[in-house]
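First residue of the sequence shown: 396, per this note's numbering; consecutive thereafter.
Scroll down for the structure; my scribbles are underneath it.
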Amino acid sequence: MFVFSDWTRWLGSGVAAVLILVATSSGAGWAQEKGKFSEELFISIQREMICLCGCKSILKDCPHVNCDYAIPAKKKIREMLIEGKTRDQILAEFVRERGEQALAAPTKEGFNILGYILPFIAILAAGYGVSIIAMRWAGGKAAREPEIRERDTEQEDLQIHQGQGQASDEIAERLKKELEEFDS
(Lines of atoms letter the chains of each structure in order from A and count residues from 1; the text may use other names and numbers.)
(Lines give C-alpha, C1' and ligand atoms only; values in the text may rest on other atoms or scores of the structure.)
Protein backbone atom coordinates (compact mmCIF):
# COMPACT_ATOMS: atom_id res chain seq x y z
CA MET A 1 0.00 0.00 0.00
CA PHE A 2 1.33 3.39 -1.02
CA VAL A 3 1.51 6.09 1.64
CA PHE A 4 1.68 9.71 0.59
CA SER A 5 4.42 11.66 2.22
CA ASP A 6 4.44 15.42 2.61
CA TRP A 7 6.55 16.06 -0.47
CA THR A 8 4.29 13.94 -2.75
CA ARG A 9 1.26 15.86 -1.49
CA TRP A 10 3.00 19.14 -2.26
CA LEU A 11 4.05 17.84 -5.67
CA GLY A 12 0.52 16.63 -6.44
CA SER A 13 -0.95 19.95 -5.32
CA GLY A 14 1.54 21.85 -7.46
CA VAL A 15 0.78 19.75 -10.54
CA ALA A 16 -2.95 20.21 -9.97
CA ALA A 17 -2.49 23.97 -9.60
CA VAL A 18 -0.47 24.15 -12.82
CA LEU A 19 -3.10 22.12 -14.69
CA ILE A 20 -5.90 24.35 -13.43
CA LEU A 21 -3.91 27.45 -14.35
CA VAL A 22 -3.23 26.14 -17.86
CA ALA A 23 -6.86 25.07 -18.34
CA THR A 24 -8.24 28.44 -17.29
CA SER A 25 -5.66 30.55 -19.11
CA SER A 26 -5.64 28.61 -22.40
CA GLY A 27 -8.27 30.97 -23.76
CA ALA A 28 -6.53 34.07 -22.37
CA GLY A 29 -4.95 34.89 -25.73
CA TRP A 30 -8.43 34.92 -27.27
CA ALA A 31 -10.03 37.09 -24.60
CA GLN A 32 -11.07 40.42 -25.96
CA GLU A 33 -11.78 43.48 -23.92
CA LYS A 34 -13.17 46.64 -25.41
CA GLY A 35 -10.42 48.96 -26.52
CA LYS A 36 -7.71 46.28 -26.40
CA PHE A 37 -6.36 44.56 -29.48
CA SER A 38 -5.28 40.90 -29.63
CA GLU A 39 -2.79 40.15 -32.38
CA GLU A 40 -3.36 36.39 -32.04
CA LEU A 41 -7.09 36.79 -32.59
CA PHE A 42 -6.47 39.17 -35.49
CA ILE A 43 -4.25 36.58 -37.23
CA SER A 44 -6.66 33.74 -36.42
CA ILE A 45 -9.59 35.57 -38.03
CA GLN A 46 -7.50 36.32 -41.13
CA ARG A 47 -6.72 32.59 -41.44
CA GLU A 48 -10.43 31.75 -41.37
CA MET A 49 -11.24 34.09 -44.24
CA ILE A 50 -10.37 34.01 -47.90
CA CYS A 51 -9.25 36.95 -49.99
CA LEU A 52 -11.88 37.81 -52.58
CA CYS A 53 -9.56 39.66 -54.95
CA GLY A 54 -9.28 36.52 -57.06
CA CYS A 55 -6.01 35.14 -55.72
CA LYS A 56 -7.84 32.35 -53.78
CA SER A 57 -5.43 32.75 -50.84
CA ILE A 58 -6.40 33.06 -47.23
CA LEU A 59 -6.77 36.67 -46.21
CA LYS A 60 -3.58 36.67 -44.13
CA ASP A 61 -1.42 35.43 -47.02
CA CYS A 62 -2.77 37.45 -49.96
CA PRO A 63 0.25 37.87 -52.27
CA HIS A 64 -0.87 41.25 -53.69
CA VAL A 65 0.88 44.23 -52.13
CA ASN A 66 -1.91 46.70 -52.89
CA CYS A 67 -4.86 44.30 -52.74
CA ASP A 68 -8.23 46.02 -53.13
CA TYR A 69 -9.91 43.51 -50.83
CA ALA A 70 -7.33 42.33 -48.27
CA ILE A 71 -6.15 45.75 -47.09
CA PRO A 72 -9.64 47.16 -46.32
CA ALA A 73 -10.79 43.81 -44.87
CA LYS A 74 -7.81 43.66 -42.49
CA LYS A 75 -8.45 47.26 -41.48
CA LYS A 76 -12.12 46.49 -40.81
CA ILE A 77 -11.21 43.39 -38.75
CA ARG A 78 -8.75 45.45 -36.70
CA GLU A 79 -11.37 48.15 -36.06
CA MET A 80 -14.01 45.58 -35.07
CA LEU A 81 -11.57 43.95 -32.64
CA ILE A 82 -10.80 47.33 -31.06
CA GLU A 83 -14.56 47.93 -30.74
CA GLY A 84 -14.70 44.73 -28.71
CA LYS A 85 -16.47 42.43 -31.19
CA THR A 86 -15.83 38.70 -30.91
CA ARG A 87 -14.46 36.39 -33.55
CA ASP A 88 -17.92 35.00 -34.33
CA GLN A 89 -19.43 38.49 -34.65
CA ILE A 90 -16.69 39.57 -37.05
CA LEU A 91 -17.02 36.46 -39.21
CA ALA A 92 -20.81 36.81 -39.21
CA GLU A 93 -20.49 40.41 -40.40
CA PHE A 94 -18.28 39.39 -43.34
CA VAL A 95 -20.62 36.50 -44.21
CA ARG A 96 -23.58 38.89 -44.10
CA GLU A 97 -21.80 41.31 -46.46
CA ARG A 98 -20.08 38.88 -48.86
CA GLY A 99 -21.75 35.51 -48.28
CA GLU A 100 -20.08 32.26 -47.27
CA GLN A 101 -17.49 32.72 -50.00
CA ALA A 102 -15.71 35.06 -47.56
CA LEU A 103 -14.89 32.04 -45.34
CA ALA A 104 -11.93 29.78 -46.05
CA ALA A 105 -14.00 26.72 -45.12
CA PRO A 106 -17.77 26.26 -45.30
CA THR A 107 -19.73 26.34 -42.06
CA LYS A 108 -20.51 22.98 -40.47
CA GLU A 109 -24.26 23.31 -40.54
CA GLY A 110 -27.14 22.57 -42.87
CA PHE A 111 -26.37 21.23 -46.32
CA ASN A 112 -22.64 21.98 -45.90
CA ILE A 113 -22.30 18.99 -43.56
CA LEU A 114 -22.44 16.77 -46.64
CA GLY A 115 -19.23 18.39 -47.83
CA TYR A 116 -17.50 17.14 -44.70
CA ILE A 117 -19.16 13.71 -44.50
CA LEU A 118 -19.53 12.65 -48.15
CA PRO A 119 -15.82 12.08 -48.91
CA PHE A 120 -15.56 9.59 -46.04
CA ILE A 121 -18.73 7.81 -47.14
CA ALA A 122 -17.38 7.62 -50.70
CA ILE A 123 -14.06 6.17 -49.51
CA LEU A 124 -15.85 3.56 -47.38
CA ALA A 125 -18.21 2.62 -50.23
CA ALA A 126 -15.32 2.30 -52.70
CA GLY A 127 -13.36 0.14 -50.26
CA TYR A 128 -16.40 -2.06 -49.67
CA GLY A 129 -16.96 -2.43 -53.42
CA VAL A 130 -13.33 -3.33 -54.08
CA SER A 131 -13.36 -5.90 -51.26
CA ILE A 132 -16.58 -7.51 -52.59
CA ILE A 133 -15.13 -7.74 -56.10
CA ALA A 134 -11.84 -9.14 -54.79
CA MET A 135 -13.63 -11.73 -52.67
CA ARG A 136 -15.79 -12.78 -55.62
CA TRP A 137 -12.78 -13.15 -57.88
CA ALA A 138 -10.75 -15.03 -55.32
CA GLY A 139 -13.69 -16.90 -53.79
CA GLY A 140 -15.20 -17.90 -57.12
CA LYS A 141 -11.99 -19.50 -58.36
CA ALA A 142 -11.27 -21.19 -55.04
CA ALA A 143 -14.83 -22.48 -54.79
CA ARG A 144 -14.73 -23.93 -58.33
CA GLU A 145 -11.31 -25.62 -58.06
CA PRO A 146 -12.34 -28.35 -55.59
CA GLU A 147 -15.49 -28.95 -57.62
CA ILE A 148 -13.45 -29.36 -60.83
CA ARG A 149 -10.87 -31.56 -59.11
CA GLU A 150 -13.61 -33.70 -57.59
CA ARG A 151 -15.30 -34.13 -60.98
CA ASP A 152 -12.00 -35.03 -62.70
CA THR A 153 -11.04 -37.62 -60.08
CA GLU A 154 -14.51 -39.20 -60.26
CA GLN A 155 -14.21 -39.53 -64.05
CA GLU A 156 -10.71 -41.00 -63.80
CA ASP A 157 -11.85 -43.49 -61.16
CA LEU A 158 -14.80 -44.50 -63.33
CA GLN A 159 -12.55 -44.95 -66.38
CA ILE A 160 -10.06 -47.02 -64.42
CA HIS A 161 -12.75 -49.29 -62.95
CA GLN A 162 -14.57 -49.73 -66.25
CA GLY A 163 -11.61 -50.33 -68.47
CA GLN A 164 -9.17 -51.89 -66.06
CA GLY A 165 -9.11 -55.20 -67.91
CA GLN A 166 -8.78 -53.54 -71.30
CA ALA A 167 -6.05 -51.18 -70.21
CA SER A 168 -3.90 -53.90 -68.71
CA ASP A 169 -4.22 -56.12 -71.86
CA GLU A 170 -3.24 -53.25 -74.14
CA ILE A 171 -0.32 -52.30 -71.92
CA ALA A 172 0.90 -55.88 -71.74
CA GLU A 173 0.84 -56.27 -75.55
CA ARG A 174 2.61 -52.97 -76.09
CA LEU A 175 5.26 -53.92 -73.52
CA LYS A 176 5.76 -57.28 -75.21
CA LYS A 177 6.27 -55.63 -78.64
CA GLU A 178 8.76 -53.10 -77.30
CA LEU A 179 10.76 -55.84 -75.54
CA GLU A 180 10.90 -57.91 -78.74
CA GLU A 181 12.10 -54.90 -80.71
CA PHE A 182 14.67 -54.12 -78.07
CA ASP A 183 16.06 -57.65 -78.07
CA SER A 184 16.45 -57.76 -81.80
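Note that the Cβ used here is the ideal one computed from N, Cα and C, for glycine as well.
As the structure is a prediction and not an experimental result, all values here were calculated from the model.
DSSP places F506 in no alpha helix (DSSP H); its state is neither H nor E.
Counting C-beta atoms within 10 angstroms of its own C-beta, Q484 has fewer than 16 neighbours from the protein chains shown and is therefore classed as exposed.
With a 10 Å radius around the Cβ and a threshold of 16 neighbouring Cβ atoms, Q496 comes out exposed.
Approximately 7 Å separates the beta-carbon atoms of K469 and L454; this is inside 8 Å, confirming the contact. Annotation: L454 is outside any alpha helix (DSSP H) and is labelled neither H nor E by DSSP.
Between R482 and I438, the beta carbon gap of about 11 Å keeps them out of contact (Cβ cut-off 8 Å). Per DSSP, reduced to three states, the secondary structure at L447 is coil, with no helix or strand assignment. Beyond the five residues adjoining it in sequence on each side, R493 comes within less than 7 Å, by CB distance, of L447 in the same chain, given in chain order.
Following the DSSP letters along the chain, one finds V490 inside the alpha helix (DSSP H) bounded by residues R482 to R493.
Here the alpha carbon of I528 sits roughly 54 Å from the alpha carbon of I472.
By the neighbour-count definition (other C-beta atoms within 10 Å, threshold 16), I445 is a buried residue.
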